[in-house]
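What follows is a set of notes on a single structure, which appears directly below.
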Amino acid sequence: MSGDHAHGNPQVHSGAKGSDAHKHKDKHKEHRHKDHKKDKERDKLKHSNSEHKDPSEKKHLDKEKLKHSNGSSDKHREKHKEKRREEKIKSPPLEKPKKEKENGYVRERSPAAVKSEPEDDSGFHASPKQDKASKREHGADGSEHKSKKVKAEHEKKAKKRKHEDEEDEDDEDDEDIKPKNKTKDKKATDGKKAKKEEEEKWKWWEEERATDGSKWRFLEHKGPVFAPPYEAMPDKVKFYYDGKPMKLNAPAEEVATFFAKMLDHEYTTKDIFRKNFFKDWKKEMTSEEKSKLTDLNKCNFSEMSEYFKAQSEARKQMSKGEKQKNREENERLLQEYGFCIMDNHKERIGNFRIEPPGLFRGRGDHPKMGMLKRRIRPEDIIINCSKDSKHPKPPPGTKWKELRHDNKVTWLASWTENIQGSIKYIMLNPSSRIKGEKDWQKYETARRLKKCVDRLRTQYRDDWKSKEMRIRQRAVALYFIDKLALRAGNEKEEGETADTVGCCSLRVEHIKLYPKMDDQEYVVEFDFLGKDSIRYYNKIPVEKRVFKNLQLFLENKQPDDDLFDRLNTSILNKHLQELMDGLTAKVFRTYNASITLQQQLKELACPDDSLPAKVLSYNRANRAVAILCNHQRAPPKTFEKSMQNLQTKIDEKQNQLSAARKQLKAAKAEHKASHDDKSKKTVEVKRKAVQRIEEQLMKLQVQATDREENKQIALGTSKLNYLDPRISVAWCKKWAVPIEKIYNKTQREKFAWAIDMTEEDYEF
DNA sequence: CTTATCACTTAGAATCTGATAT
DNA sequence: ATATCAGATTCTAAGTGATAAG
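Per the working numbering, the first sequence starts with residue 660, numbered consecutively.
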């Protein structure tokens, strides 16, 4: 816990790896070849990887700028192992990574971090303090929530009103009164009430939670908003096949426009994408069209593409009035369809618009990219609402697929998507009670893990010595999940998705063992594509026992065999469940992320820092977590430019500063000579000016640093999903940093519960 | 067990918007 | 007034994990 891992540094690297680790995939073998060559060329650009580690664990993170570019190594994927195997054989050994495409896809960039290991190997020890934490928070424990919250609430109520400044002028009125159960029938009234209370902000966290597994007692909404119908292309916008204009029937034309809209995207250059698109497009063609259009390469969509560009340009040029009109229409739609009434409160819906048809954009090397995502009709939609609510009505002339009243689930509507056959849902916004309670609960579970993590660590270390292979594998996997914050790694269906892995699904080809590397022993190198095909690349020294176990797991296996052949997420989670109620693999990520933030904030704190410096420290702490969790982003396209702009500003400011200093000096000289009051005043004025400019300069420099360090790291994901907001709120209170510096409006809405209830001494 | 289904969280990219620079 | 840009918002894919079905 707390002490222990200070997570250390990350090493970031990216890189290339030359390993043969990834082999090529295959699936589309046809293309493969070419790809190879390309890849090779790209290789040249390769990437350097820099790695670095920083000895001092503490601060570390910051500096790392991960630069890497990394390559993609080849694709990995293969569908079946067998296939994989075959390929492998053929493929040249070392292929390297290449680069990637810019755009898109390849996503693989990769830093990755490790929590630093405790120094000794006894490792994880507990820090003394942890215990205290537990006391306060309401929900803290396990079964937490329910009961305890309740009580807590009362007291808080009392205090609550104070803070929230702005809005709250009163929240009282109804809300307190309504205990939920009663009312359900009065919906009508509720409706209105809901309105106002929304302004007042309902503090759901001060109410009791249901214990019977039901998610709500009353639910009313208007149903989803469908995608606008297809509007045919004007006649003058032509599609050409083999140089000749050709009019397509509406369905085929619509699909063609989907492709035309993506013409500038790298997707459309990919063979798989083109092949999938063409196949699905043909399904919309008449038989004549089908027989005529046999080669996608002869299709010319450029007029269509230009037309759309012109349209969007026109949209930008619209007059203010028109824009305003649009805005109002949007607002109207939002007001009508963007909210629902759940248990007496008006709540915002997260996604009330049905996904429009288009071409599927899978991430990474997705076998289904380019397939047609079909238009969703009312007949595809299942509506979920209260029996006694006013049911949403389907558009005239249509019917819903089904109307049900299931309060054991939180969704308002659902449909089955045609690419993977999975179900999509319409659910509430993160600021809603239903999402917020769950989020709160997630952090409480992570805090319970904090209390017993030492015990678990001791146990898995012990299990490294087990006679049973399955136990050893489980223990080593858990160590990775704990130390590296890896995802669980469920199995995926081959050929249905990009080839990505998590801990339990790691294959032999994803790790390399180095008994010695530089001055370190027992180094494991990880290189694989994780969620969203983001590359995870990391080299970390592990304990000898872990290393020996890994060697054992690798014996007699092929590169595409599973590293942990006796383990899967279900076995692992079952085990975790026995160790602690509610414990699953993902709880470790939440726990490690939050505890890391808390530690980093403590380490980076500096009471006399200016406000911007404090915010920078916060961002650095946040960054440490993002590195740990491997949250990467493509460097913004405008990154270089924007850095340059900032630098320009800094230079200017610097000039300004020296000018101001010069003036100050002159003023001083003047004063010295004359000693009159007026000159004295001038000195003061100039001194102030210098000071102000210095501050401004400092602020700019801090901003530049922050931005540079953030080049390819995404802070948002961890802030939104992994960091207990109470840690941040407490930190803001402690250092008098306005919460707006840390959370924007949306974030403040999502974390309203934490902002309201957290005191400055909160301990995760 | 193994597989499938379902619900829900987590994720980065795309797009939008509004503030700021020109 | 217009263009630029950065941050906010939207979008929807891709995970996790519980549970049901075979």
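For each residue, glycine too, the CB sits at the ideal point set by N, CA and C. If you're wondering where the values come from, they're calculated on a predicted model, not measured in any experiment.
Glutamine 1079 and glutamate 1150 closer than 8 Å at C-beta = The sequence position of residue 1079 within the first sequence is 420, counting from 1. The sequence position of residue 1150 within the first sequence is 491, counting from 1. With respect to the 8 Å criterion, glutamine 1079 and glutamate 1150 are not classified as neighbours on the basis of their beta carbons.
Which of helix, strand or coil DSSP assigns to leucine 1235 = Along the first sequence, read from residue 1 onward, the residue named residue 1235 stands at position 576. Of the three classes helix, strand and coil, the one that applies to leucine 1235 here is helix, per DSSP.
Residue of Lys1340, Arg1012, Ile1352 minimising C-alpha distance to alanine 1319 = Taking the first residue of the first sequence as 1, we reach residue 1319 at position 660. Ranking Lys1340, Arg1012, Ile1352 by Cα distance to alanine 1319 puts Ile1352 first.
Let me know if aspartate 1178 comes out buried or exposed under the rule of 16 or more other beta-carbons within 10 Å of its beta-carbon.
-> Indexing the first sequence from 1 puts residue 1178 at position 519. Under the 10 Å beta carbon count, aspartate 1178 is surrounded by fewer than 16 other beta carbons and is classified as exposed.
Would leucine 992 be called buried (16 or more neighbouring beta carbons within 10 Å of its own) or exposed?
-> Within the first sequence, residue 992 is the residue found at index 333, counting from 1. Its Cβ having fewer than 16 others within 10 Å, leucine 992 is exposed.
Out of Asn1010, Lys1207, Ile1170, Trp1390, point me to the one whose CA is closest to phenylalanine 1187's CA.
-> Position 528 of the first sequence, counting from 1, holds the residue named residue 1187. Looking at the Cα atoms, Ile1170 is the closest of the given residues.
Would you mind listing the beta strand (DSSP E) stretches within the region 1072–1102 that are 3+ residues and don't spill past its ends, in chain order?
-> Taking only runs of at least 3 residues, the beta strand (DSSP E) segments lying wholly in the region 1072–1102 are 1072–1075, 1082–1085.
For glutamate 1329 and serine 1338, believed in contact at Cβ under 8 Å, the rounded distance = The residue you call residue 1338 lines up with position 679 of the first sequence. The residue you call residue 1329 lines up with position 670 of the first sequence. Contact annotation, serine 1338 with glutamate 1329: C-beta distance approximately 5 Å; criterion of less than 8 Å satisfied.
What's the C-alpha gap between alanine 911 and proline 888?
-> The count along the first sequence starts at 1 and reaches residue 911 at position 252. The count along the first sequence starts at 1 and reaches residue 888 at position 229. Rounded to the nearest whole angstrom, the CA to CA distance from alanine 911 to proline 888 is 14 Å.
Taking Cβ to Cβ, would you say leucine 878 is nearer than 8 Å to serine 1045?
-> Counted from its first residue, the first sequence places residue 878 at position 219. Counted from its first residue, the first sequence places residue 1045 at position 386. For leucine 878 and serine 1045, yes; Cβs fall inside 8 Å.
When the distance is taken between beta carbons, is arginine 1033 closer than 8 Å to serine 1192?
-> Translated into positions along the first sequence, residue 1192 becomes position 533. Translated into positions along the first sequence, residue 1033 becomes position 374. Cβ atoms of serine 1192 and arginine 1033: not closer than 8 Å.
Using the C-alpha atoms, what's the distance from aspartate 1113 back to aspartate 1122?
-> For this step, residue 1122 is matched to residue 463 along the first sequence. For this step, residue 1113 is matched to residue 454 along the first sequence. One C-alpha to the other measures close to 14 Å.
Would you mind sorting histidine 1064 into buried or exposed? The rule is 16 or more other CB atoms within 10 Å of its CB.
-> Taking the first sequence and counting its residues from 1, one reaches residue 1064 at position 405. Classification of histidine 1064: exposed, given that the 10 Å Cβ count is below 16.
Rounded C-alpha distance that separates asparagine 1173 from leucine 1211 | On the first sequence, residue 1173 is found 514 positions in, with the first residue counted as 1. On the first sequence, residue 1211 is found 552 positions in, with the first residue counted as 1. It should be pointed out that residue 1173 corresponds to tyrosine in this sequence rather than to asparagine. C-alpha separation (whole angstroms): 14 Å.
Could you please give the first and the last residue of the uninterrupted beta strand (DSSP E) stretch that includes tyrosine 1196?
-> In the first sequence, residue 1196 corresponds to position 537, counting from 1. 1194–1200 is the extent of the beta strand (DSSP E) around tyrosine 1196.
Indicate whether alanine 1389 and glutamate 1418 have their beta-carbon atoms separated by less than 8 Å.
-> For the purposes of this step, residue 1389 is taken as residue 730 along the first sequence, with counting starting at 1. For the purposes of this step, residue 1418 is taken as residue 759 along the first sequence, with counting starting at 1. Cβ distance < 8 Å, so alanine 1389 and glutamate 1418 count as in contact.
For leucine 1165, which residues of its own chain have a beta-carbon under 6 Å away from its beta-carbon, when the five flanking residues on both sides are left out?
-> Looking up residue 1165 in the first sequence gives position 506. Apart from the 5 residues on each side of it in sequence, leucine 1165 sits with its Cβ closer than 6 Å to the Cβ of Leu1222 in its chain, given in chain order.
Check the C-beta distance from lysine 1083 over to glutamate 1076 and give it rounded, since I have them as a contact under 8 Å.
-> Position 424 of the first sequence, counting from 1, holds the residue named residue 1083. Position 417 of the first sequence, counting from 1, holds the residue named residue 1076. Sure, about 5 Å apart at Cβ, within 8 Å.
Note down, in chain order, each residue of its chain lying with its Cβ closer than 6 Å to the Cβ of alanine 680, except the 5 sequence neighbours on either side.
-> What you label residue 680 is simply residue 21 of the first sequence in a count that begins at 1. For alanine 680, the pLDDT reaches just 35, beneath the cut-off of 50, and the residue's location in the model is therefore unreliable, leaving the point undetermined.
Taking the alpha-carbon positions, what's the serine 1377 to arginine 1248 distance?
-> Within the first sequence, the letter at position 718 stands for residue 1377. Within the first sequence, the letter at position 589 stands for residue 1248. If you take the alpha carbons of serine 1377 and arginine 1248, they lie about 10 Å apart.
Output the distance between the C-alpha atoms of tyrosine 899 and asparagine 908, rounded to the nearest integer angstrom.
-> Taking the first sequence and counting its residues from 1, one reaches residue 899 at position 240. Taking the first sequence and counting its residues from 1, one reaches residue 908 at position 249. Rounded to whole angstroms, tyrosine 899 and asparagine 908 show a C-alpha spacing of 14 Å.
Roughly how many angstroms separate the alpha carbons of methionine 1302 and asparagine 1369, rounded to a whole number?
-> Along the first sequence, read from residue 1 onward, the residue named residue 1302 stands at position 643. Along the first sequence, read from residue 1 onward, the residue named residue 1369 stands at position 710. Linking methionine 1302 to asparagine 1369 through their CA atoms gives a straight-line distance of about 12 Å.
One or two residues paired with arginine 1166 in a DSSP bridge | Start at 1 with the first residue of the first sequence, and residue 1166 comes out as number 507. Partner residues in the beta bridge of arginine 1166, as assigned by DSSP, are Asp1221.
Measure from the alpha carbon of alanine 1136 to the alpha carbon of each residue in Met1176, Phe960, Phe1206, then state which is nearest.
-> Residue mapping note: residue 1136 aligns to position 477 of the first sequence, counting from 1. Relative to alanine 1136, the option among Met1176, Phe960, Phe1206 whose CA is nearest is Phe1206.
Within 10 angstroms of its Cβ, does cysteine 999 collect 16 or more other Cβ (buried), or is it exposed?
-> Start at 1 with the first residue of the first sequence, and residue 999 comes out as number 340. Within a 10 Å sphere around the beta-carbon of cysteine 999 sit 16 or more other beta-carbons, which makes this residue buried.
At least three beta-carbon pairs within less than 8 Å, the region 996–1012 to the region 1125–1141 | In short, these stretches do not touch, since the Cβ pair count stays below three.
Among residues of its own chain, excluding the 5 on either side of threonine 945, which ones have a beta-carbon nearer than 7 Å to its beta-carbon?
-> Stepping through the first sequence from its first residue, residue 945 is reached at position 286. Setting aside the 5 residues that flank it on each side, threonine 945 is surrounded in the same chain by Asn908, each with a C-beta closer than 7 Å to its C-beta; the list follows chain order.
Any idea if proline 1026 is buried or exposed, counting beta-carbon neighbours within 10 angstroms, 16 or more meaning buried?
-> As a working mapping, residue 1026 is identified with position 367 in the first sequence. Proline 1026 should be labelled buried.
In chain order, what residues of the same chain lie with their CB nearer than 6 Å to the CB of valine 1349, ignoring the 5 residues before and after it?
-> As a working note, residue 1349 is residue 690 in the first sequence. Exclusion of the five residues before and after valine 1349 leaves Ala1319, Arg1320, Leu1323 as the residues of its chain whose Cβ lies within less than 6 Å of its Cβ.
Can you name, in chain order, every residue of its own chain whose Cβ lies under 7 Å from the Cβ of lysine 897, other than the five neighbours on each side?
-> The residue you call residue 897 lines up with position 238 of the first sequence. Beyond the five residues adjoining it in sequence on each side, lysine 897 comes within less than 7 Å, by CB distance, of Pro904, Glu962 in the same chain, given in chain order.
Selection from Asp1224, Cys1111, Glu1180 that minimises the alpha carbon distance to arginine 1131 | Taking the first sequence and counting its residues from 1, one reaches residue 1131 at position 472. Checking every option, the nearest Cα to that of arginine 1131 belongs to Asp1224.
Within the same chain, show all residues whose beta-carbon is closer than 7 Å to that of lysine 1308, passing over the 5 residues directly before and after it, in chain order.
-> In the first sequence, residue 1308 corresponds to position 649, counting from 1. If we look at lysine 1308 and ignore the five residues flanking it on each side, its Cβ neighbours are Leu1359.
Pair within 8 Å by beta-carbon distance, lysine 1060 and isoleucine 1040 = Here residue 1060 refers to the residue found at position 401 when the first sequence is read from its first residue. Here residue 1040 refers to the residue found at position 381 when the first sequence is read from its first residue. One thing to note: lysine 1060 has its Cβ within 8 Å of the Cβ of isoleucine 1040.
Give the straight-line distance between the Cα atoms of glutamate 1014 and arginine 1204, rounded to the nearest whole angstrom.
-> Here residue 1014 refers to the residue found at position 355 when the first sequence is read from its first residue. Here residue 1204 refers to the residue found at position 545 when the first sequence is read from its first residue. For the pair glutamate 1014 and arginine 1204, the Cα-to-Cα distance works out to about 50 Å.
Sequence-distant residues of its chain with Cβ nearer than 6 Å to lysine 920 (five each side left out) = On the first sequence, residue 920 is found 261 positions in, with the first residue counted as 1. Phe967, listed in sequence order.
Leaving aside the five residues before and after aspartate 694 along the sequence, list all residues of the same chain whose C-beta is less than 6 Å from its C-beta, in chain order.
-> Locating residue 694 in the first sequence gives position 35, where the first residue counts as 1. Note on aspartate 694: pLDDT 34, under 50, position unreliable in the model; the coordinate value appears next. Nothing listed; no residue qualifies.
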